[in-house]
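Chemist: Protein chains in written order, with our numbering: chain A, 1 to 350; chain B, 1 to 350; chain C, 1 to 350; chain D, 1 to 350. Ideal Cβ positions, reconstructed from N, Cα and C, are used throughout, including at glycine. What you are looking at is a predicted structure, and each value in this text was computed from that prediction instead of being measured. Below is a structure I'd like to ask you about.
There are 4 protein chains.
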Amino acid sequence: MSGNTFGKVLRVTTWGESHGPALGAVIDGCPPRLPLSPADIDAALARRRPGTSIHTTARREPDRVEILSGVFEGRTTGTPISLIIYNRDVKSEAYEPLKEIFRPGHGDMTYQAKYGIRDYRGGGRASARETAARVAAGAVAQKILDTVGIQVLAFTLELGGVRAQNFVWEQLNDNPFFCPDPEAAAAMAARVQAVKQQGDSVGGIVEIRVQGCPAGLGEPVFDKLDAVLAQAVMSIGAVKGVEIGAGFAAATLTGSQHNDPLTPKGFASNNAGGILAGISNGAEIIVRAAVKPIPSIARPQQTVDVHGQPQTISIGGRHDISAIPRIVPVAAAMVKLTIADFLLRQKAVT
Amino acid sequence: MSGNTFGKVLRVTTWGESHGPALGAVIDGCPPRLPLSPADIDAALARRRPGTSIHTTARREPDRVEILSGVFEGRTTGTPISLIIYNRDVKSEAYEPLKEIFRPGHGDMTYQAKYGIRDYRGGGRASARETAARVAAGAVAQKILDTVGIQVLAFTLELGGVRAQNFVWEQLNDNPFFCPDPEAAAAMAARVQAVKQQGDSVGGIVEIRVQGCPAGLGEPVFDKLDAVLAQAVMSIGAVKGVEIGAGFAAATLTGSQHNDPLTPKGFASNNAGGILAGISNGAEIIVRAAVKPIPSIARPQQTVDVHGQPQTISIGGRHDISAIPRIVPVAAAMVKLTIADFLLRQKAVT
Amino acid sequence: MSGNTFGKVLRVTTWGESHGPALGAVIDGCPPRLPLSPADIDAALARRRPGTSIHTTARREPDRVEILSGVFEGRTTGTPISLIIYNRDVKSEAYEPLKEIFRPGHGDMTYQAKYGIRDYRGGGRASARETAARVAAGAVAQKILDTVGIQVLAFTLELGGVRAQNFVWEQLNDNPFFCPDPEAAAAMAARVQAVKQQGDSVGGIVEIRVQGCPAGLGEPVFDKLDAVLAQAVMSIGAVKGVEIGAGFAAATLTGSQHNDPLTPKGFASNNAGGILAGISNGAEIIVRAAVKPIPSIARPQQTVDVHGQPQTISIGGRHDISAIPRIVPVAAAMVKLTIADFLLRQKAVT
Amino acid sequence: MSGNTFGKVLRVTTWGESHGPALGAVIDGCPPRLPLSPADIDAALARRRPGTSIHTTARREPDRVEILSGVFEGRTTGTPISLIIYNRDVKSEAYEPLKEIFRPGHGDMTYQAKYGIRDYRGGGRASARETAARVAAGAVAQKILDTVGIQVLAFTLELGGVRAQNFVWEQLNDNPFFCPDPEAAAAMAARVQAVKQQGDSVGGIVEIRVQGCPAGLGEPVFDKLDAVLAQAVMSIGAVKGVEIGAGFAAATLTGSQHNDPLTPKGFASNNAGGILAGISNGAEIIVRAAVKPIPSIARPQQTVDVHGQPQTISIGGRHDISAIPRIVPVAAAMVKLTIADFLLRQKAVT
């Protein structure tokens with residue numbers, strides 16, 4: 001049983017390969033009568049587009065969405081919303097040499113093991129390209145969140161070992177990393193340049209915050225809000241860890257340190273990250289994702305081909321040095337889809 | 001839409017409150033003709049039972065399961081397997097004072113916000129008691145894993161800041177923490193005693209390893225193996241973070257450091273934790289969970305009552321100092337349920 | 001992937017075999033704060049119990065339900081409601097001769113083909129006994145319907161060729177057939193006696209009506225209200241046909257005859273049976289189910305054993321002559337579960 | 001929670017409105033390595049296209065599918081298969097007068113009640129146009145059925161009261177009704193002409209047969225094969241009744257008449273329609289669907305507008321006289337999707 005659908009009431013199904021004619025999403029369960037236009041979605045897609053400062057040779061993706069169904073005279077109708085984004089600027093021949101080799105850190109070997117066939121062009125379905133559909137769907141989810149005033153904020157907390165310290169929120173969008181600390185952003189840029197020259201890549205940490213979320217969202221015991229957020233964020237290609245609130249740091253705290261005191265004005269601290277017993281508590285929801293370094297690197301690597309023979313591979317071409325800048329809007333989108341789904345799920349029983 | 005069912009082909013639905021007459025699980029989708037007896041399940045439940053060394057006043061839970069359906073003459077029939085565990089040794093009157101107060105770090109406030117009603121006795125549905133049903137279901141999942149020789153190993157990696165260093169696997173079950181490092185286990189015991197005297201509690205880190213898992217399990221793009229493992233483990237009450245393989249450490253590595261080279265004999269390292277592009281790669285699967293300290297502590301804490309008035313609370317009674325020892329078998333159970341489900345999902349399409 | 005769960009927001013999972021220790025249902029997704037007691041459910045179960053007039057040797061099933069979870073101080077809590085009904089008066093040894101033979105018209109052969117194993121005692125999971133759990137769950141669904149004033153009425157329209165003509169609703173419960181036509185009920189009783197003496201059995205038609213259902217329920221395009229009602233009712237053991245409104249008669253009408261004119265006061269007729277384009281239209285919902293004759297008959301029948309050898313079988317013992325009287329409350333329960341689920345589904349998006 | 005997805009392992013999500021830019025289907029869960037080309041699907045779509053003999057003014061739908069994903073070098077890859085069919089020859093202005101009026105027998109009133117908004121052009125999502133996506137998906141399902149040699153045959157059994165009697169299977173495709181009785185087909189054509197001149201429409205009965213289906217498919221107790229077939233077929237717009245095997249006729253038979261004797265060579269009769277206890281028994285599966293007359297008729301009808309004011313409506317334009325010819329391939333598609341899904345579901349547990 002495949003797994004290309006996310007959500008229970010707000011259900012998003014994505015489809016498409018990196019070098020196929022198009023990719024897209026079908027969103028079923030969106031409430032009717034919400035305003036929705038292609039421009040709403042294109043704005044979100046633009047944030048996912050590679051910048052120029054750190055991605056000089058990167059693939060151009062001036063993505064534009066078409067809404068094929070579910071919207072009538074500018075409003076959602078309650079029927080499925082089909083979104084399509086055509087793939088352009090596709091150079092499949094560059095991938096011909098990869099037909100018979102498994103790139104380290106990529107899904108080449110596992111797709112072959114699972115399906116016995118794979119579209120090797122640009123990573124096929126396993127490409128980060130797939131996340132464009134998630135971002136498009138996330139823009140629809142935001143329309144649902146708008147009805148109750150929920151905002152989702154995502155940013156780069158750490159990249160290549162450089163961690164943001166002083167948050168200047170107004171400058172969040174002034175650098176290609178969506179990093180709220182301008183000094184850290186400059187250091188990140190330097191780190192990326194250095195690593196690039198070494199033919200290598202870097203990872204980092206993305207943080208996502210949800211503001212204005214009412215208490216009561218989340219469905220014990222398996223669909224706890226934190227549990228599904230973990231699935232949502234871990235389902236993004238390069239993510240290797242997810243934590244909520246204090247997260248892994250909670251492992252070294254005592255109960256008296258970690259518990260958030262309740263006061264008549266709300267919680268006095270937020271180690272819980274806005275979630276207690278799997279249900280939102282009204283405080284800011286805080287999620288962090290650990291992102292591994294991009295596996296495609298210029299440095300030679302040891303690997304095997306489809307026949308099991310040892311090979312050395314050096315991956316050139318237009319690859320990012322870090323997945324972080326693109327993952328920031330993708331992570332925001334996955335959190336939006338999750339929160340919107342739980343908002344609708346909660347309506348069903350109250 | 002509620003969330004008390006886990007899995008897609010192997011579907012487990014749990015039910016029950018801490019102080020209700022019983023709790024249980026219904027397992028739908030278990031293949032027929034597998035051997036299954038109550039003793040198989042009771043053995044798993046025994047591992048979850050509180051030990052004596054660190055839980056001197058803890059509730060007695062000599063749990064015994066009854067199999068009410070789905071098994072005939074010692075073998076599964078393919079019909080739903082209903083498991084029931086009666087609650088015994090329940091002292092609900094002790095919880096009467098908690099009727100009108102929200103304990104910090106607990107779900108009291110969020111259950112009230114979500115449902116407008118709550119069974120306050122022993123935490124109701126939010127009690128760790130609920131996990132007994134998961135452990136019972138996990139024992140059934142193990143029967144499925146047995147058919148292909150998959151083993152799941154869970155242990156305490158860290159507790160109260162004490163981390164296991166030297167792994168002596170034969171001694172894993174010789175201490176109440178399921179810690180494979182005997183020296184670390186002794187230090188953990190000392191740490192627990194010290195914290196207990198301070199009326200406080202501690203958290204830690206649990207690690208789960210899956211051995212013998214074939215390559216090819218996991219369902220891109222949303223039900224990636226790591227994504228669903230993250231949900232499975234994060235759905236356990238006290239867990240605040242989940243990581244796979246190198247996990248959060250991957251954020252500071254470069255691609256050449258993090259990528260696992262492929263060789264004709266397999267992967268030369270395992271930073272991926274056995275999963276690439278959301279699909280198992282045949283290597284050992286490695287999951288780690290960050291566990292927060294037990295929120296019920298004797299030290300006085302600031303809180304509010306159901307009327308929003310400030311209160312001070314000091315929680316006595318028979319509470320654990322750390323959730324870790326109980327979470328070890330629970331985490332193993334959730335991983336077993338996840339792997340078994342993906343094993344069956346993969347069968348559907350090959 | 002098994003199929004023991006019904007519903008999307010109101011999810012009912014049933015379990016249990018005819019001669020196992022018990023059977024039951026877990027209901028997930030019931031809204032909180034609804035009044036619910038065992039007596040509510042026992043009343044529904046009593047309607048399903050065999051009467052005495054036509055079932056002189058029938059198995060005694062003085063069923064009593066226990067609510068094991070999800071209810072606190074007489075109200076639902078929003079957590080799973082676990083219901084259990086113990087099997088009593090079970091004489092499994094009577095089924096020993098059936099261990100190696102396939103009864104015509106029963107699931108013996110198909111369960112063996114599907115699972116490679118079967119609990120042959122009393123039909124195992126395929127027994128009509130399983131429907132007790134449905135009726136119990138239906139009583140919970142009625143609590144949800146009560147919140148908006150929806151009533152479900154089920155009755156015998158036809159039995160053994162005798163069709164009700166003049167409906168005297170007040171006398172619906174005055175005969176063992178739940179037939180609103182007293183004269184027809186008498187004829188049905190005579191027909192049953194005659195058939196019984198011939199060692200044979202009869203089928204019939206059950207009609208279910210839903211009153212007070214608001215317009216707007218049903219989810220195009222696959223979960224249309226009529227489509228899911230068809231699944232719900234066809235999933236009852238002996239049902240071989242389902243129709244809505246004019247049903248099969250619509251095949252011979254013209255458009256001008258079949259269309260229901262709309263007037264400012266509502267629809268002028270109800271050939272649609274209360275459903276248009278898969279969505280309730282506010283008129284009475286009308287469903288009819290064709291029920292086959294009970295396959296267990298005293299007359300000798302040709303069959304084969306598990307080794308494929310020809311055999312003759314004559315089934316004695318305490319069997320009903322018609323499934324109809326028991327199916328009436330079961331059909332009502334399935335319709336209640338369906339309507340309640342769609343009521344909650346509709347809340348999620350409005 | 002919306003309902004635009006059908007199937008559990010083979011999951012089909014359809015989208016699109018009659019007068020939107022396109023409609024389509026996403027098929028998730030199709031096994032990898034099956035041959036699939038647009039031509040396979042176009043052939044199925046061609047059968048659904050209106051003929052000329054009875055639909056002289058009907059909308060032209062020379063549908064051609066594009067496969068946007070999930071197929072690589074002519075074979076399925078195991079990833080989602082996205083199919084798109086562009087809407088051409090759309091004349092939306094003809095529907096402008098229907099903006100404020102509810103057509104009798106159509107979903108205009110119920111869509112408005114449900115969503116508070118509707119795309120009134122050509123019936124929007126409620127249009128029979130939607131079934132093109134089902135037929136396309138059914139052609140993919142056939143590829144799965146091909147792997148085990150299952151054939152699905154659908155035909156018109158009755159139209160406007162004319163019933164097929166003598167089946168000449170070779171001539172099934174020689175008339176626009178897909179009627180295997182040439183004489184009946186001629187009478188049906190005459191009946192259609194007569195009704196058309198009266199400005200009216202007719203319904204009928206479609207029969208679907210599944211040949212070569214192995215025993216063991218179907219998932220008790222709610223997803224019985226007959227139950228899900230009933231949902232599948234009843235989810236087609238104009239269908240008002242579904243029956244299996246003897247169907248409604250079973251209501252008047254005795255057990256000794258209805259039971260199918262088992263012999264060493266198989267079943268001696270097939271009143272069960274190939275399904276026992278919800279599981280296929282290896283015999284031919286027989287499903288029948290009652291189809292109501294097309295609600296759009298030229299004769300004046302009484303109705304109301306969106307303001308509840310009485311109106312008279314006479315629907316001109318290019319409408320079919322009977323839905324039957326188009327429903328034959330649609331019903332076949334729904335049955336194919338159902339059987340293919342159960343085939344994969346069965347693989348998961350054996």
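Going by C-alpha to C-alpha distance, which of Ser-37(B), Ser-201(B), Glu-158(B), Lys-196(B) sits closest to Glu-73(B)?
Modeler: Within the second sequence, the letter at position 73 stands for residue 73(B). Closest by alpha carbon: Ser-37(B).
Chemist: Taking the alpha carbon of Asn-4(C) as the point to measure from, which residue in Gly-247(D), Val-140(D), Arg-48(D), Val-228(D) has its own alpha carbon closest?
Modeler: What you label residue 4(C) is simply residue 4 of the third sequence in a count that begins at 1. Of the candidates Gly-247(D), Val-140(D), Arg-48(D), Val-228(D), the one whose C-alpha sits nearest the C-alpha of Asn-4(C) is Val-228(D).
Chemist: What whole-angstrom Cβ distance do Tyr-115(D) and Pro-32(A) have, given they're in contact under 8 Å?
Modeler: To locate residue 115(D), count along the fourth sequence from 1; it is residue 115. To locate residue 32(A), count along the first sequence from 1; it is residue 32. Right, the Cβ-Cβ distance comes to about 4 Å (below 8 Å), so this counts as a contact.
Chemist: Check the Cβ-Cβ distances between Arg-47(C) and every residue of chain A, and say whether any is below 8 Å.
Modeler: Translated into the one-based positions of the third sequence, residue 47(C) becomes position 47. Not an interface residue.
Chemist: So which residues of chain D does Gly-78(B) contact, with C-beta pairs closer than 8 Å?
Modeler: Along the second sequence, read from residue 1 onward, the residue named residue 78(B) stands at position 78. Residues of chain D passing the Cβ test: Val-349.
Chemist: Within 10 Å of its beta-carbon, does Trp-169(A) have 16 or more other beta-carbons around it, so buried, or fewer, so exposed?
Modeler: Reading the first sequence from its first residue, position 169 is the one you call residue 169(A). Trp-169(A) is exposed by the Cβ-count criterion.
Chemist: Does the beta carbon of Pro-214(D) sit closer than 8 Å to a beta carbon anywhere in chain B?
Modeler: As a first step, residue 214(D) must be located in the fourth sequence, where it is residue number 214. Chain B, which has no Cβ nearer than 8 Å to the Cβ of Pro-214(D), makes this no.
Chemist: Does His-55(D) pass the burial test, meaning 16 or more other C-beta atoms within 10 Å, or should it be called exposed?
Modeler: Here residue 55(D) corresponds to residue number 55 of the fourth sequence, with the count starting at 1. Since pLDDT at His-55(D) reaches only 43, below the 50 mark, its modelled position is unreliable, and no value is offered.
Chemist: So Val-9(A) and Met-1(B) are in contact, right, with Cβ under 8 Å, and what is the actual spacing, rounded?
Modeler: Against the first sequence, residue 9(A) aligns to sequence position 9. Against the second sequence, residue 1(B) aligns to sequence position 1. That pair is a contact at about 6 Å.
Chemist: In chain D, which residues lie with their C-beta within 7 Å of the C-beta of Gly-74(C)?
Modeler: The count along the third sequence starts at 1 and reaches residue 74(C) at position 74. Chain D residues near Gly-74(C): none, gap ~29 Å exceeds 7 Å.
Chemist: I'd like the span of the alpha helix (DSSP H) that includes Gln-351(D), first residue to last.
Modeler: Any question about residue 351(D) goes unanswered here, given that chain D covers just 1 to 350.
Chemist: My understanding is that Gln-165(C) touches Ala-194(C), with C-beta atoms under 8 Å, so please give their C-beta distance in whole angstroms.
Modeler: Here residue 165(C) refers to the residue found at position 165 of the third sequence. Here residue 194(C) refers to the residue found at position 194 of the third sequence. That belief does not hold up - the Cβ atoms of Gln-165(C) and Ala-194(C) are roughly 20 Å apart, past 8 Å.
Chemist: Rounding to the nearest angstrom, what Cα-Cα distance links Lys-143(D) and Lys-292(A) in this structure?
Modeler: Counting from one through the fourth sequence, the residue named residue 143(D) turns up at place 143. Counting from one through the first sequence, the residue named residue 292(A) turns up at place 292. Near 39 Å, if we compare the C-alpha coordinates of Lys-292(A) and Lys-143(D).
Chemist: Rounding to the nearest angstrom, what Cα-Cα distance links Ser-53(A) and Ala-290(A) in this structure?
Modeler: Numbered from its first residue, the first sequence carries residue 53(A) at position 53. Numbered from its first residue, the first sequence carries residue 290(A) at position 290. Residue placement at Ser-53(A) is poorly supported in this model, since its pLDDT is 40, which falls under 50; the coordinates still yield a value, given next. Going by the C-alpha atoms only, they are around 23 Å apart.
Chemist: At which residue ranges does the stretch 101 to 165 of chain B contain complete alpha helix (DSSP H) runs of 4 or more residues, listed in the order of the chain?
Modeler: Taking only runs of at least 4 residues, the alpha helix (DSSP H) segments lying wholly in the stretch 101 to 165 of chain B are 108 to 115, 131 to 146.
Chemist: Measure the C-alpha to C-alpha separation of Ile-84(D) and Ile-67(A) and round it to an integer number of angstroms.
Modeler: On the fourth sequence, position 84 is the one that residue 84(D) refers to. On the first sequence, position 67 is the one that residue 67(A) refers to. One C-alpha to the other measures close to 13 Å.
Chemist: In the DSSP assignment, find the unbroken alpha helix (DSSP H) run with Arg-186(C) in it and report its ends.
Modeler: Here residue 186(C) is taken as the residue at index 186 of the third sequence, counted from 1. The amino acid at residue 186(C) is misidentified as Arg; the sequence shows Ala. It spans 182 to 197 - the alpha helix (DSSP H) in which Ala-186(C) sits, taken as one unbroken run.
Chemist: Looking at the secondary structure, which residues open and close the alpha helix (DSSP H) in which Gly-255(B) lies?
Modeler: Here residue 255(B) refers to the residue found at position 255 when the second sequence is read from its first residue. Where Gly-255(B) is concerned, the enclosing alpha helix (DSSP H) stretches over 255 to 258.
Chemist: What does Arg-288(A) pair with, by DSSP beta-bridge criteria?
Modeler: Numbered from its first residue, the first sequence carries residue 288(A) at position 288. Answer is Glu-207(A), Glu-243(A), bridged to Arg-288(A).
Chemist: Taking 8 Å as the CB-CB cut-off, is Gly-71(A) touching chain C?
Modeler: Sequence index remark: in the first sequence, residue 71(A) carries index 71 (1-based). It should be pointed out that residue 71(A) corresponds to Val in this sequence rather than to Gly. No, Val-71(A) lies away from the interface with chain C (no Cβ there is under 8 Å from its Cβ).
Chemist: Look up Glu-73(A) in the DSSP assignment and say whether it is helix, strand or coil.
Modeler: By 1-based counting over the first sequence, the position of residue 73(A) is 73. Correct three-state label for Glu-73(A): coil.
Chemist: Using CA coordinates, which residue listed in Ser-322(D), Ala-250(D), Ile-294(D) is at the minimum distance from Gly-273(D)?
Modeler: Numbered from 1 along the fourth sequence, position 273 holds the residue referred to as residue 273(D). Per the Cα distances, Ala-250(D).
Chemist: Return the CA-CA distance between Ala-94(C) and Ile-285(D), expressed in angstroms with no decimal places.
Modeler: Residue mapping note: residue 94(C) aligns to position 94 of the third sequence, counting from 1. Residue mapping note: residue 285(D) aligns to position 285 of the fourth sequence, counting from 1. Going from the Cα of Ala-94(C) to the Cα of Ile-285(D) covers about 33 Å.
Chemist: Classify Arg-38(B) as helix, strand or coil using the three-state DSSP reduction.
Modeler: Walking along the second sequence from the start, residue 38(B) turns up at place 38. Per the sequence shown, the amino acid found at residue 38(B) is Pro instead of Arg. Helix, per DSSP.
Chemist: Determine, for Tyr-95(D), whether the minimum Cβ-Cβ distance to residues of chain C falls below 8 Å.
Modeler: Your numbering for residue 95(D) matches position 95 in the fourth sequence. Tyr-95(D) does not count as touching chain C.
Chemist: Taking one C-beta from the stretch 192 to 207 of chain B and one from the stretch 156 to 164 of chain B each time, how about it: are there three or more such pairs within less than 8 Å?
Modeler: Because the criterion of three Cβ pairs below 8 Å is met, the stretch 192 to 207 of chain B and the stretch 156 to 164 of chain B touch.
Chemist: Distance, Cα to Cα, Arg-129(B) vs Ile-297(B)?
Modeler: As a position in the second sequence, residue 129(B) is number 129, starting the count at 1. As a position in the second sequence, residue 297(B) is number 297, starting the count at 1. Cα to Cα, Arg-129(B) sits roughly 18 Å from Ile-297(B).
Chemist: Determine, using beta carbons only, whether Val-210(B) comes closer than 8 Å to chain A.
Modeler: Counted from its first residue, the second sequence places residue 210(B) at position 210. Output row for Val-210(B): interface = no.
Chemist: Considering only C-alpha positions, which residue in the set Asn-173(C), Val-210(C), Phe-248(C), Thr-79(C) is nearest to Leu-145(C)?
Modeler: For this step, residue 145(C) is matched to residue 145 along the third sequence. The option with the nearest alpha carbon to Leu-145(C) is Val-210(C).
Chemist: What are the residues of the stretch 223 to 240 of chain D that lie near chain C, defined by any Cβ-Cβ distance shorter than 9 Å?
Modeler: Those residues of the stretch 223 to 240 of chain D that come within reach of chain C (Cβ to Cβ, closer than 9 Å) are Asp-223, Lys-224, Asp-226, Ala-227, Val-228, Leu-229, Ala-230, Gln-231, Ala-232, Val-233, Met-234, Ser-235, Ile-236, Gly-237, Ala-238, Val-239, Lys-240.
Chemist: Does the stretch 274 to 284 of chain C come within contact of the stretch 186 to 193 of chain C, defined as at least 3 CB pairs closer than 8 Å?
Modeler: With the cut-off at 8 Å, the stretch 274 to 284 of chain C and the stretch 186 to 193 of chain C do not touch.
Chemist: Express the C-alpha separation of Pro-62(C) and Ile-294(B) in angstroms, rounding to a whole number.
Modeler: Reading the second sequence from its first residue, position 294 is the one you call residue 294(B). Reading the third sequence from its first residue, position 62 is the one you call residue 62(C). If you take the alpha carbons of Ile-294(B) and Pro-62(C), they lie about 46 Å apart.
Chemist: Hey, Val-242(A) and Ala-230(A): beta-carbon distance below 8 Å or not?
Modeler: Translated into positions along the first sequence, residue 242(A) becomes position 242. Translated into positions along the first sequence, residue 230(A) becomes position 230. Yes, the pair counts as a contact, with Cβ atoms nearer than the cut-off.
Chemist: Is the shortest distance between the beta-carbon of Pro-35(C) and the beta-carbons of chain A less than 8 Å?
Modeler: Locating residue 35(C) in the third sequence gives position 35, counting from the first residue. For Pro-35(C), the answer is no, since every Cβ of chain A falls outside 8 Å of its Cβ.
Chemist: DSSP state of Asp-226(B), grouped into three classes?
Modeler: Translated into positions along the second sequence, residue 226(B) becomes position 226. Helix, per DSSP.
Chemist: With H, G and I counted as helix, E and B as strand and the rest as coil, what does DSSP make of Phe-178(B)?
Modeler: The sequence position of residue 178(B) within the second sequence is 178, counting from 1. Residue state, collapsed to three classes: coil.
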